[in-house]
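Notes follow once the structure below has been shown.
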Amino acid sequence: MRTYNLTVLGLEVSFKAEADPARVETAKALVEERFNRLKFHGRQLSKEKLLTFLVLGLADDLLQSTQQKDEMRTRMEALLAKIEESA
Numbered sequence: 052m053r054t055y056n057l058t059v060l061g062l063e064v065s066f067k068a069e070a071d072p073a074r075v076e077t078a079k080a081l082v083e084e085r086f087n088r089l090k091f092h093g094r095q096l097s098k099e100k101l102l103t104f105l106v107l108g109l110a111d112d113l114l115q116s117t118q119q120k121d122e123m124r125t126r127m128e129a130l131l132a133k134i135e136e137s138a
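The sequence shown begins at 52 in my numbering and counts up by one.
Structure follows, in structure tokens:
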């Protein structure tokens with residue numbers, strides 16, 4: 052497990068993860084990009100509120116992706132069952 056020391060949104064964070072450095076950097080870039088997008092679209096909001104909106108947006112993305120994956124798995128299982136019935 053690798054140890055990471057990063058500055059994300061001006062905050063120093065240290066953590067251990069099995070993710071490779073490129074994945075960690077990509078995640079950091081996504082968080083910072085979304086934070087900046089929220090900051091420019093919002094009024095004068097506190098950093099805590101902006102971070103809350105950011106987390107909610109990322110959580111919503113995760114939930115939608117999980118739902119899409121589950122729906123795709125269900126469709127694939129149905130197709131596989133039809134193929135097996137035909138054989």
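The beta carbon of each residue, even a glycine, is placed where N, CA and C say it ideally should be.
When we look at the beta-carbon of Leu130 and count the other beta-carbons within 10 Å, is it buried (16 or more) or exposed? Label assigned to Leu130: exposed.
Helix, strand or coil, according to DSSP, for Glu63 in the structure here? Strand at Glu63.
Whose C-alpha, out of Leu60, Ala132 and Asn56, is nearest the C-alpha of Glu99? The candidate whose alpha carbon is nearest that of Glu99 is Leu60.
What separation, rounded to the nearest whole angstrom, lies between the Cα atoms of Thr125 and Leu107? Whole-angstrom Cα-Cα distance: 27 Å.
According to DSSP, Asn56 sits in a beta bridge with which residue or residues? Answer is Ser65.
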